[in-house]
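Comments concern the structure below.
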Amino acid sequence: MNDPQKTIGEPAKLSGIALHTGVRARLTLNPAPKDTGIVFRRIDIPGNPSVRALATNVVDTNRGTTIASGNAAVSTVEHVLAALAALGITNAMVDMDGPEPPICDGSALPYLELAKSAGIAEQNALAKTWTPEKPIEMGFGQSSVLVEPADELRVSCVLEHGEASIGTQSLEMPVTPESFEKELAPARTFCDFRDLKQLIAMGLVKGGSLDNAIIIHDGAMICKEGLRYADEPARHKLLDMVGDIALTGMSVKATVKVVRPGHSTNIELAKKIMALANA
Ligand SMILES: [Zn+2]
34 MNDPQKTIGE
44 PAKLSGIALH
54 TGVRARLTLN
64 PAPKDTGIVF
74 RRIDIPGNPS
84 VRALATNVVD
94 TNRGTTIASG
104 NAAVSTVEHV
114 LAALAALGIT
124 NAMVDMDGPE
134 PPICDGSALP
144 YLELAKSAGI
154 AEQNALAKTW
164 TPEKPIEMGF
174 GQSSVLVEPA
184 DELRVSCVLE
194 HGEASIGTQS
204 LEMPVTPESF
214 EKELAPARTF
224 CDFRDLKQLI
234 AMGLVKGGSL
244 DNAIIIHDGA
254 MICKEGLRYA
264 DEPARHKLLD
274 MVGDIALTGM
284 SVKATVKVVR
294 PGHSTNIELA
304 KKIMALANA
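Numbers 34 to 312, taken from the working numbering, label the letters of the sequence shown in order.
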């Protein structure tokens with residue numbers, strides 16, 4: 034059963050610091066006609082070039098998912114996309130005044146609240162839906178993926194982390210607007226202290242702070258106001274999976290289980306799904 038396509042009711046704006054560039058950024062969600070998909074538009078570049086949120090437009094998966102088409106590049110799109118996908122929003126024009134959306138508190142909750150505040154409008158067309166005919170197993174480097182047929186999107190992950198404070202975390206969640214809001218959207222991004230020096234040397238995480246990330250260091254998870262969930266890192270991995278799977282441009286009805294998920298694995302999976310859907 035295909036769901037109706039949906040867009041947002043009215044434009045809604047959010048501004049804040051971008052994680053990697055550290056500059057102030059503003060993002061506006063705008064309604065879009067049916068069959069538009071989710072499109073990011075760089076309103077700071079002459080001609081306002083745009084890029085459609087599709088796995089085939091992904092150009093980088095290092096510490097976040099970057100999409101680009103021509104001179105329109107947008108990085109760290111996954112939290113915005115996760116929030117829109119969880120609400121069933123299939124069409125939106127996302128205006129950006131720079132290369133990266135605000136990181137906010139490192140979770141998807143501000144984007145979920147933004148989209149909800151704009152209202153959600155059903156459109157007179159059905160969403161493109163994909164479900165596997167039979168279970169599919171894939172391996173990508175250290176990661177493995179199992180996709181099974183289901184009536185709705187369910188995501189599952191096993192996160193193995195060297196630090197004693199995390200150990201092995203695993204969980205599975207259905208992705209409905211309600212479950213996403215309660216169980217996944219508030220989970221914040223995390224970073225291993227040992228990786229920070231390298232990220233800084235690469236010119237990344239200029240806007241990173243304890244306002245928007247959990248730092249894992251010496252067997253402890255360091256964050257503001259305590260952890261939101263005991264397994265917050267695994268929940269954030271599921272949130273990222275929801276955002277990256279949205280880059281199929283389809284409503285995926287499947288249980289997606291990933292051992293050691295990451296953006297590169299998620300995007301390989303999204304591309305595979307797109308290829309199977311078009312076969
Ligand atoms: Zn993330």
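Built from N, CA and C at the ideal position, the CB exists for glycine as well.
At a threshold of 6 Å, Thr-222 counts as near ligand 1, since its beta carbon sits closer than that to one of the ligand's heavy atoms.
Ranked by Cα distance from Pro-266, the options Gly-200, Asp-93 and Leu-237 are led by Gly-200.
In the three-state reduction of the DSSP assignment, Leu-192 falls in the strand class, which pools E and B. At least one heavy atom of ligand 1 sits closer than 6 Å to the Cβ of Asp-273.
With respect to Arg-74, Asp-128 sits close: the two C-beta atoms are nearer than 7 Å. Comparing alpha-carbon positions, the option among Ala-105, Ala-141, Thr-94 and Gly-131 lying closest to Ala-115 turns out to be Ala-141.
Taking every protein chain shown into account, the CB of Gly-80 has fewer than 16 other CB atoms within 10 angstroms, so this residue is exposed.
The alpha-carbon of Cys-256 is positioned some 16 Å away from that of Val-238. Along the stretch 126-191, the beta strand (DSSP E) occurs as fully enclosed runs of 3 or more residues at 153-159, 169-173 and 176-182, listed in sequence order. For Thr-164, the closest alpha carbon among the candidates Ala-303, Ala-105 and Lys-286 is that of Lys-286.
Under the three-state reduction of DSSP, Gly-236 is assigned to coil, being neither helix nor strand. Arg-227 is not bridged by DSSP to any residue. In this structure, Ile-153 lies away from Asn-245, with their beta-carbon atoms at least 7 Å apart. Leu-52 sits in coil when the DSSP states are folded into three classes, being neither helix nor strand. Glu-258 has no beta-bridge partner at all, per DSSP. Judged by beta-carbon spacing, Thr-123 lies beyond the 7 Å limit of His-296, meaning their Cβ atoms are not closer than that value.
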